[in-house]
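Protein chains: 2
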Amino acid sequence: MSIEQYIHSVGQQARAASRAMARADSNAKNSALRAIAAAIRREASVLVAANREDLAAAIAAGLEPALLDRLTLSEKGIAAMAEGVEQVAALDDPVGEVSGLKFRPSGIQVGRMRVPLGVVGIIYEARPNVTADAAALCLKSGNAAILRGGSEAIRSNRAIAALVHEGLASAGLPPSAVQVIDTTDRAAVGHLITMREYVDVIVPRGGKGLISRLLAESRVPMIQHLDGNCHVYVDDQADPEKALQIIENAKTQRYGTCNTAESLLLARSVAADLLPLIGAMLTERGVELRGCPETLAIVTTAWPASEEDYASEYLAPIISVKVVAGLDEAIEHINAYGSHHTDAIVSENYTAAMRFLREVDSASVMVNASTRFADGFEYGLGAEIGISTDKIHARGPVGLEGLTCQKWIVLGNGEVRA
Amino acid sequence: MSIEQYIHSVGQQARAASRAMARADSNAKNSALRAIAAAIRREASVLVAANREDLAAAIAAGLEPALLDRLTLSEKGIAAMAEGVEQVAALDDPVGEVSGLKFRPSGIQVGRMRVPLGVVGIIYEARPNVTADAAALCLKSGNAAILRGGSEAIRSNRAIAALVHEGLASAGLPPSAVQVIDTTDRAAVGHLITMREYVDVIVPRGGKGLISRLLAESRVPMIQHLDGNCHVYVDDQADPEKALQIIENAKTQRYGTCNTAESLLLARSVAADLLPLIGAMLTERGVELRGCPETLAIVTTAWPASEEDYASEYLAPIISVKVVAGLDEAIEHINAYGSHHTDAIVSENYTAAMRFLREVDSASVMVNASTRFADGFEYGLGAEIGISTDKIHARGPVGLEGLTCQKWIVLGNGEVRA
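Chains A and B, in that order, give the protein sequences. Whatever position you read off the first sequence (first residue = 1), add 2 for my numbering. Whatever position you read off the second sequence (first residue = 1), add 2 for my numbering.
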């Protein structure tokens with residue numbers, strides 16, 4: 003069987019399984035999830051052993067320490083994985099919800115019913131915990147999943163998949179509802195992202211490099227996340243205390259997350275008073291400031307910022323800083339240089355806050371809150387398959403609902419169109 | 003300026019205009035729409051004259067009569083166009099609606115705000131009325147539009163665009179919020195559908211050929227409509243009267259529309275009683291039946307159906323017919339051969355109706371109603387930019403809401419993440 007034939011047969015089986023998953027009731031899905039969690043706990047030593055083989059091969063291949071760290075499945079990580087699957091079981095089932103059912107003048111009733119997307123392809127790097135996590139979210143939302151993890155994790159992923167299959171079968175659901183692509187051949191991805199007949203959506207989870215590559219070649223719609231170049235704008239009427247707190251949290255709580263602030267804008271009227279405090283706070287925490295000439299005049303430890311700095315997602319203890327005339331320039335700057343991920347204003351002014359909310363073209367816009375809140379758990383979604391920086395279908399944190407769509411339902415009594 | 007530079011400058015202007023449109027209030031948008039309608043009425047003779055030039059060129063080029071008919075703008079058609087724009091003005095503004103705003107344990111309030119998509123590219127064939135129609139829908143939903151109509155209609159489209167620009171300017175909105183691509187160079191489309199930085203979504207309106215071509219090359223998300231291979235399934239417990247009425251309307255009311263029934267399925271238990279009546283009714287109306295062997299045994303005027311027939315959107319007085327064992331086979335057949343557009347069951351059985359609604363994987367699923375109801379106006383959307391057979395973002399008839407998305411808003415009081 004060629005790689006193309008193999009991926010097509012995976013797609014075909016996923017499509018068939020997606021039909022059964024779409025009609026599975028909540029009980030069956032939850033019982034499968036609880037069985038998977040139990041199997042993960044029971045077989046922890048088998049998972050560790052499989053993972054050790056992956057690690058040995060990765061070490062032999064000279065993988066970087068950071069990647070080895072992501073690849074590692076500890077006993078603790080396995081327990082967390084099982085717990086995550088149980089948490090998904092506890093969430094409300096999004097499938098079947100009917101909304102807006104209304105009578106029309108013709109006599110028919112028209113409404114919408116929430117249904118699974120069908121087949122979800124998930125492409126990720128060498129983090130074996132994503133296998134259980136993604137499988138659980140797709141299962142709960144009534145989808146079939148095709149999982150393609152990094153080739154370094156293939157033994158771990160295979161071992162997890164076996165437990166997922168066991169859980170599905172125990173609840174009377176088709177094991178092929180969750181398939182791990184069992185080849186390290188890179189051509190598999192190319193086939194997966196172009197099989198429109200079998201795959202309804204692709205969710206890539208990984209770095210920007212992976213996603214740009216997929217975006218260039220995919221023929222299947224994608225829910226994807228590119229940069230997180232998030233801004234905090236301190237407005238004329240900002241509360242200085244809130245500004246300091248929010249900037250500290252947004253920039254320094256974690257440097258490597260996509261909702262970390264990478265750029266700070268200040269209204270000119272408050273720059274002279276606030277920038278010295280902000281600059282001192284950030285410098286003390288080891289954050290390098292890269293600023294406009296006005297910033298440099300106020301914060302002597304800052305370095306000059308280039309155009310590129312304002313468009314950068316550093317993922318590091320660096321922040322770009324710009325003094326702006328006010329709200330208009332701030333909004334314009336964010337829409338031009340930002341990545342439409344998450345941006346916050348600090349202001350006590352009602353009109354400025356309302357305009358910022360409406361006019362900043364980002365997936366999450368915030369007033370007087372840290373950008374770090376842009377997260378499925380913080381938003382109350384209960385789980386997160388990813389964060390979308392696109393505008394179609396889903397924006398921002400994507401939970402179970404993002405793995406569903408709404409079809410129209412029409413209830414009639416023999417009506418025909420006039 | 004090369005064609006690529008031209009299209010990029012159109013995109014750049016559209017992006018800039020989209021910012022102004024996103025913050026335009028309902029009054030400004032409605033006043034622009036009413037001014038456009040008034041200008042269309044006032045300049046009817048100018049539009050007719052421009053259209054005559056298009057028609058003369060099209061006749062000289064040997065265009066088919068059906069295409070000439072679509073290209074023609076009559077005085078009556080112009081009045082209808084103006085009325086359509088006024089109807090859009092009368093619809094509720096979808097922009098700015100906030101939903102689900104709730105406090106979270108962290109203290110922040112999280113909700114969603116409906117906002118325009120941004121820049122919408124619409125690609126259509128030589129129907130000048132689409133220019134006014136699409137412009138009105140994009141304008142009302144706060145988007146900027148880039149319109150690329152068939153080259154045969156370029157003079158008509160230019161004349162309509164001038165009136166749209168006049169209306170926008172009169173309301174203080176940027177004329178570049180609606181741009182008609184002013185070249186017949188086919189390379190324009192290739193650039194339009196790959197400009198991810200300037201175009202947020204492409205809506206193709208036209209035949210299957212156009213759409214498959216765009217689908218193969220587009221790098222921008224599309225809201226598109228492929229086939230409408232719609233089914234009526236007559237269940238074991240169908241009311242015979244309703245079945246006959248619905249089949250007559252679904253198949254014979256109009257042959258060329260996407261929501262016309264193209265395939266009829268009958269439960270074996272009712273075939274012997276109902277097929278003779280249905281066959282006689284359809285034959286009397288000049289509809290050719292193409293059936294399975296069981297159908298042929300009952301309806302002697304029917305022709306044998308091939309596999310291809312069951313997958314066909316005839317857009318003609320032909321219908322494929324198949325006798326099935328019951329609900330399960332019907333659902334399986336529809337999901338395998340259908341186009342996920344619109345499918346109906348005729349049944350008095352509650353469980354059969356509920357299963358059909360849930361398990362048929364189509365944009366519209368109906369119980370005891372004609373498939374011809376699948377339409378934005380019939381569903382109460384007030385207007386329709388198209389019908390989507392895709393699952394991502396919008397399914398089925400797409401109205402103003404389909405031209406918007408929801409961003410997350412967070413209202414805080416200085417909260418930071420723990």
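The beta carbon of each residue, even a glycine, is placed where N, CA and C say it ideally should be.
Check whether B:G289 and B:T254 have beta carbons under 8 Å apart:
Indexing the second sequence from 1 puts residue 289 of chain B at position 287. Indexing the second sequence from 1 puts residue 254 of chain B at position 252. For clarity, residue 289 of chain B is Val in the given sequence; the question names Gly instead. Taking 8 Å as the Cβ cut-off, B:V289 and B:T254 qualify as a contacting pair.
When the Cα atoms are used, what is the spatial distance from A:S178 to A:G404?
As a position in the first sequence, residue 178 of chain A is number 176, starting the count at 1. As a position in the first sequence, residue 404 of chain A is number 402, starting the count at 1. If you take the alpha carbons of A:S178 and A:G404, they lie about 22 Å apart.
Quick check on DSSP: helix, strand or coil for B:D345?
Here residue 345 of chain B refers to the residue found at position 343 of the second sequence. In the three-state DSSP reduction, B:D345 falls in the strand class (E or B).
With C-beta atoms as the reference, is A:V205 less than 8 Å away from A:I387?
Within the first sequence, residue 205 of chain A is the residue found at index 203, counting from 1. Within the first sequence, residue 387 of chain A is the residue found at index 385, counting from 1. Taking 8 Å as the Cβ cut-off, A:V205 and A:I387 qualify as a contacting pair.
A:T133 and A:G120 look like a contact to me (Cβ under 8 Å); what is the Cβ gap, rounded to whole Å?
As a first step, residue 133 of chain A is located in the first sequence; it is residue number 131 there, counting from the start. As a first step, residue 120 of chain A is located in the first sequence; it is residue number 118 there, counting from the start. With a Cβ gap of about 20 Å, A:T133 and A:G120 do not count as contacting.
Could you give the residue range of the beta strand (DSSP E) that holds B:T302?
On the second sequence, position 300 is the one that residue 302 of chain B refers to. Counting along the chain, B:T302 falls outside any beta strand (DSSP E), and DSSP gives it neither H nor E.
Going by CA-CA distance only, name the one from A:D392, A:V367, A:Q408, A:I394 that's closest to B:G414.
Counted from its first residue, the second sequence places residue 414 of chain B at position 412. Looking at A:D392, A:V367, A:Q408, A:I394, the one whose alpha-carbon comes closest to that of B:G414 is A:V367.
Interface flag, B:L119 vs chain A, CB-CB below 8 Å
On the second sequence, position 117 is the one that residue 119 of chain B refers to. Cβ-Cβ to chain A under 8 Å: yes for B:L119.
Is the beta carbon of A:G192 closer than 8 Å to that of B:D241?
To locate residue 241 of chain B, count along the second sequence from 1; it is residue 239. To locate residue 192 of chain A, count along the first sequence from 1; it is residue 190. Taking C-beta atoms as the reference points, B:D241 and A:G192 fail to come closer than 8 Å.
Where B:Q408 meets chain A, residues with beta-carbon distance less than 7 Å:
Within the second sequence, numbered from 1, the residue matching residue 408 of chain B stands at position 406. Correct list: R397.
Please decide whether B:G258 counts as near chain A, where near means a Cβ-Cβ distance under 8 Å.
Position 256 of the second sequence, counting from 1, holds the residue named residue 258 of chain B. Interface residue (Cβ-Cβ distance to chain A less than 8 Å): B:G258 is not classified as such.
Runs of beta strand (DSSP E) wholly within the region 222 to 259 of chain A (minimum 3 residues, chain order):
Counting only runs of 3 or more, we get 232 to 236.
So, is the C-beta of A:K253 closer than 8 Å to a C-beta in chain B?
Here residue 253 of chain A corresponds to residue number 251 of the first sequence, with the count starting at 1. So no, A:K253 is outside the interface.
Supposed close pair B:R399, B:A420 - CB separation, criterion 8 Å:
On the second sequence, position 397 is the one that residue 399 of chain B refers to. On the second sequence, position 418 is the one that residue 420 of chain B refers to. According to the sequence shown, residue 399 of chain B is Pro rather than Arg. The C-beta distance from B:P399 to B:A420 rounds to 45 Å, too long to fall under 8 Å, and the pair is not in contact.
When you compare the CB of A:G281 with every CB in chain B, is at least one pair closer than 8 Å?
Start at 1 with the first residue of the first sequence, and residue 281 of chain A comes out as number 279. Among the CB atoms of chain B, none fall inside 8 Å of the CB of A:G281.
According to DSSP, which residues form a beta bridge with B:P399?
For the purposes of this step, residue 399 of chain B is identified with residue 397 of the second sequence, where counting begins at 1. Under the DSSP definition of a beta bridge, B:P399 partners with B:I389.
Segment limits, alpha helix (DSSP H) that includes A:A24:
For the purposes of this step, residue 24 of chain A is identified with residue 22 of the first sequence, where counting begins at 1. Its alpha helix (DSSP H) spans residues 5 to 25.
Using a Cβ-Cβ cut-off of 8 Å, state whether A:E45 counts as contacting chain B.
The residue labelled residue 45 of chain A in the question sits at position 43 within the first sequence. For A:E45, the nearest beta carbon of chain B is not closer than 8 Å to its own beta carbon.
Considering just the uninterrupted stretch of the beta strand (DSSP E) at B:F105, what are its terminal residues?
Your numbering for residue 105 of chain B matches position 103 in the second sequence. Its beta strand (DSSP E) spans residues 100 to 105.
Which of the three DSSP states, helix, strand or coil, is assigned to B:P295?
In the second sequence, residue 295 of chain B corresponds to position 293, counting from 1. In the three-state reduction of the DSSP assignment, B:P295 falls in the helix class.
On a Cα-Cα basis, can you pick out the residue from A:A128, A:Y126, A:N145, A:A137 that is closest to A:R116?
Here residue 116 of chain A corresponds to residue number 114 of the first sequence, with the count starting at 1. Nearest in C-alpha terms to A:R116, of all of A:A128, A:Y126, A:N145, A:A137, is A:N145.
Is DSSP giving A:G86 helix, strand or coil here?
Mapped onto the first sequence, residue 86 of chain A falls at position 84. Correct three-state label for A:G86: helix.
Which residues in chain A sit within 9 Å of B:G13, going by Cβ to Cβ distance?
If you number the second sequence from 1, residue 13 of chain B lands on position 11. In chain order: nothing, as chain A lies at least about 15 Å away.
For B:C407, which residues does DSSP report across the bridge?
Translated into positions along the second sequence, residue 407 of chain B becomes position 405. Its beta-bridge partners are B:V117.
Residue environment, A:N29, which counts as buried when at least 16 other CB atoms sit within 10 Å
Position 27 of the first sequence holds residue 29 of chain A. A:N29 should be labelled exposed.
With a threshold of 16 other CB atoms inside 10 Å of the CB of B:A26, please say whether the residue is buried or exposed.
The residue labelled residue 26 of chain B in the question sits at position 24 within the second sequence. Buried is the call here.
Quick one, which of A:T186, A:G328, A:A138 has its alpha-carbon nearest A:V180's?
Within the first sequence, the letter at position 178 stands for residue 180 of chain A. Cα-wise, what sits closest to A:V180 is A:A138.
Taking all protein chains shown into account, do 16 or more other C-beta atoms lie within 10 angstroms of the C-beta of A:G340, making it buried, or fewer, making it exposed?
Here residue 340 of chain A corresponds to residue number 338 of the first sequence, with the count starting at 1. Flag for A:G340 reads buried.
Helix, strand or coil: how does DSSP classify B:M368 here?
The residue you call residue 368 of chain B lines up with position 366 of the second sequence. The three-state reading of DSSP puts B:M368 in strand, counting E and B together.
Got a sec? Which residues, its chain only, sit under 6 Å from B:G123 by beta carbon, not counting five neighbours each side?
In the second sequence, the residue the question calls residue 123 of chain B occupies position 121. Closer than 6 Å at the Cβ level, and outside the excluded window around B:G123, lie I148, L194, V201, I204.
Please classify B:P223: is it buried, with 16 or more other beta-carbons within 10 angstroms of its beta-carbon, or exposed?
Start at 1 with the first residue of the second sequence, and residue 223 of chain B comes out as number 221. Buried, because 16 or more other Cβ atoms sit within 10 Å of the Cβ of B:P223.
For the region 169 to 203 of chain A, list the alpha helix (DSSP H) runs that are entirely contained and at least 4 residues long, ordered along the chain.
Taking only runs of at least 4 residues, the alpha helix (DSSP H) segments lying wholly in the region 169 to 203 of chain A are 189 to 194.
Inter-residue spacing [alpha-carbon to alpha-carbon] between A:L298 and A:Q239
In the first sequence, residue 298 of chain A corresponds to position 296, counting from 1. In the first sequence, residue 239 of chain A corresponds to position 237, counting from 1. Going by C-alpha positions, A:L298 is about 23 Å away from A:Q239.
Should A:M3 go down as buried or exposed, given a rule of 16 or more other Cβ atoms within 10 Å for buried?
The sequence position of residue 3 of chain A within the first sequence is 1, counting from 1. Counting Cβ neighbours within 10 Å, A:M3 comes out exposed, since fewer than 16 surround it.
Within-8 Å CB hit, A:R1 to chain B:
The requested residue 1 of chain A is not part of the displayed model; chain A covers only 3 to 420.
If contact means a Cβ-Cβ distance below 8 Å, which residues of the region 98 to 120 of chain A contact chain B?
Going along the region 98 to 120 of chain A in chain order, one finds G98, K104, R106, S108, I110, V112, M115, V117, L119, G120 with a Cβ nearer than 8 Å to chain B.
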